[in-house]
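According to the numbering used here, the sequence shown is numbered sequentially starting from 117.
From the three backbone atoms N, C-alpha and C, an ideal C-beta is built for every residue, glycine too.
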Amino acid sequence: MSAYAYFPGCKIPYHLPQYGQATRAVCASLGLELTDLAFNCCGYPARHLSLEASVLAAARNFALAHAAGLPILTPCKCCFGNMRHAAHWLRENARLRQGTEALLKREGLRLPPAREMRIVHLLTALDQDLGAGAIAARVTRPATGLKVAAHYGCHALRPGAVTQFDNPLSPTIFERLLEAVGATPVDWPLRLECCGNPLWGKNDAMAAALAVRKLRDAARAGADVVCTACTYCHLQFHTLRPHLDLAQMGPDAPPALLFAQLLGLALGLGGAEVGLEEHVPQRLALMAVV
Numbered sequence: 117m118s119a120y121a122y123f124p125g126c127k128i129p130y131h132l133p134q135y136g137q138a139t140r141a142v143c144a145s146l147g148l149e150l151t152d153l154a155f156n157c158c159g160y161p162a163r164h165l166s167l168e169a170s171v172l173a174a175a176r177n178f179a180l181a182h183a184a185g186l187p188i189l190t191p192c193k194c195c196f197g198n199m200r201h202a203a204h205w206l207r208e209n210a211r212l213r214q215g216t217e218a219l220l221k222r223e224g225l226r227l228p229p230a231r232e233m234r235i236v237h238l239l240t241a242l243d244q245d246l247g248a249g250a251i252a253a254r255v256t257r258p259a260t261g262l263k264v265a266a267h268y269g270c271h272a273l274r275p276g277a278v279t280q281f282d283n284p285l286s287p288t289i290f291e292r293l294l295e296a297v298g299a300t301p302v303d304w305p306l307r308l309e310c311c312g313n314p315l316w317g318k319n320d321a322m323a324a325a326l327a328v329r330k331l332r333d334a335a336r337a338g339a340d341v342v343c344t345a346c347t348y349c350h351l352q353f354h355t356l357r358p359h360l361d362l363a364q365m366g367p368d369a370p371p372a373l374l375f376a377q378l379l380g381l382a383l384g385l386g387g388a389e390v391g392l393e394e395h396v397p398q399r400l401a402l403m404a405v406v
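If you want it as structure tokens, here you go:
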């Protein structure tokens, strides 16, 4: 059994609890052990205001996980990306590292060596710890016939040399896992473009326009659902959907579904177990899980 320190981030517990519920359910089903630690924010909200504050927040999480002897697993790509950024800067900037170490020392914490700042995203853990073949072997209710637009999100992919998640120009991990649960990934031109969520509160019209553009593109590609594995992207396509222009999206704009939920259903878990809401697409309802 693989073991991780579970890092839900700040958004999931309050804004997207179903993501946390589904993540815990599928990890338990697949034998990935999650341990809760007294983590703080990943530091992402402060990154463009104070690099030092952002790195310190991430570094405290590294210290806690290292003390527990565990790598960090997060289902949030923004948290994943920011902590990867922090680990990069702690390796590259000796002065920043020394200052961070001094601040952690006040709390009795120790920054781990660079090679031991281990952070993985949920998709990476599924793909590397288990593998698509092993997951496929555990599937009892395959999502046969379900056409899925995989939405990667920006923070895990770029910059590729820092995040080391997948090829930032031609990633395949998401499609590989979708095929493992029996779904059919669709090829859609805008799959790697930003969802627009970071723009809410700054330029709401542009944020909404980017989301609508992507949903229209997924619909043209024949997708039944847009599958997400990022907190912010799912908030954009699902939670904030009432703020989007339905007339612009068109009647066939696909709903959003978390990959953790789709995986849970394919593994035989019930809809309530993975936090699935009532808006499920018809093809998922046919899987007799709701």
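Under the three-state reduction of DSSP output, residue 232 falls in the helix class. Under the three-state reduction of DSSP output, residue 321 falls in the helix class. Sixteen is the threshold: when 16 or more other Cβ atoms of the shown chains lie within 10 Å of the Cβ of residue 291, as they do, the residue is buried.
Listed as beta-bridge partners of residue 118 by DSSP are 148.
Listed in chain order, the alpha helix (DSSP H) elements of length 4 or more contained wholly in the stretch 240-270 are 248-254.
In the DSSP assignment, residue 300 is bridged to 263.
In the three-state reduction of the DSSP assignment, residue 344 falls in the strand class, which pools E and B. DSSP places residue 372 in the strand class (E or B) of the three-state scheme. As DSSP reads the structure, residue 354 sits in no beta bridge. Contact between residue 384 and residue 263 is absent: CB atoms are separated by about 22 Å, not below the 8 Å threshold. Leaving aside the five residues that flank residue 276 on each side, the residues in its chain whose CB is nearer than 6 Å to its CB run, in chain order, 284. Between residue 343 and residue 294 a beta carbon distance of about 7 Å is seen, short of the 8 Å cut, so the two are scored as contacting. Ranked by Cα distance from residue 302, the options 187, 333, 240 and 122 are led by 333. Here residue 389 is buried. Its C-beta has 16 or more other C-beta atoms within 10 Å.
When secondary structure is reduced to three states using DSSP, residue 381 falls in the helix class.
When C-beta atoms of the stretch 193-211 are compared with those of the stretch 173-184, three or more pairs fall below 8 Å, so the two segments count as touching.
When only Cα atoms are considered, residue 133 and residue 287 end up about 27 Å apart. Following the DSSP letters along the chain, one finds residue 392 in no beta strand (DSSP E), marked with neither H nor E. Three or more Cβ pairs drawn from the stretch 219-227 and the stretch 163-176 lie within less than 8 Å of each other, which places the two stretches in contact. Pairing residue 213 with residue 235 gives a Cβ-Cβ distance that is not under 8 Å.
With a threshold of 16 other beta carbon atoms within 10 Å, residue 211 falls short and is exposed.
Between residue 259 and residue 370, the C-beta spacing is not below 8 Å.
Linking residue 297 to residue 378 through their CA atoms gives a straight-line distance of about 8 Å.
DSSP places residue 164 in the coil class of the three-state scheme, outside both helix and strand.
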